[in-house]
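Heads up, the thing below is written out as structure tokens.
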Amino acid sequence: MTHSITIQSVALASALRLTTEAIKHAQSRNWKIAVFVVDSAGATVASARMDGVNAITGDIALDKAYTAASLRRTTKALAERMGSAPDLTMGMANRPRLITWQGGVPIVEDGTIIGGIGVSGAAGHEDAECAETALAALGLTSK
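Structure, rendered in structure tokens:
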């Protein structure tokens, strides 16, 4: 009998590429963003903040990535779920780092969640677009 488990997590090289791809997409649209990639436990692996983007925007991107990795769903899906459950909304308000603004998505490889990516600085759907575009560039998904 074993007393341990194997955990898959996003590799540094991939996390760096994800940040680059998200920023590249934002630049092509003239959006200013910060992007964080976290591992499957929610710890930061890589981050980047475009010139002129304030620090709080980076903090929000980190919270989006943490939420997506920890709860294993997009921040948009979490917001939709909370909209139908007032008790969930009240409970979430007491949990630090959990956020329901769009732009946080899980990083999925072969059906396994290996981390999360969070983007902040543009409109919510634009943040999500940057994250999804970055995943697609690496052959990853959010589902």
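Numbering (our numbering), first residue to last: 1 to 143. Backbone N, C-alpha and C define an ideal beta-carbon position, used for all residues, glycine too. Being a predicted model, the structure only gives us computed values, none of them experimental.
Exercise. Assuming C106 and T74 form a contact by the criterion Cβ under 8 Å, report the distance between their Cβ atoms to the nearest whole angstrom.
Key: A small fix is needed here, since residue 106 is Pro in this sequence, not Cys. Rounded, the Cβ-Cβ distance is 7 Å, consistent with contact.
Exercise. Flag this pair as yes or no: are the beta carbons of A34 and V10 separated by less than 7 Å?
Key: Cβ distance not < 7 Å, so A34 and V10 don't count as in contact.
Quiz item: Is the distance from the Cβ of G103 to the Cβ of A128 below 7 Å?
Solution: yes
Practice problem: With DSSP as the reference, label S9 as helix, strand or coil. | Solution: Look at S9 here: in three-state DSSP terms it is coil, with no helix or strand label.
Practice problem: Note the first and the last residue of the continuous beta strand (DSSP E) segment covering A48. | Solution: 44-49
Self-check item: Burial state of R97 (16 or more Cβ within 10 Å)
Solution: exposed
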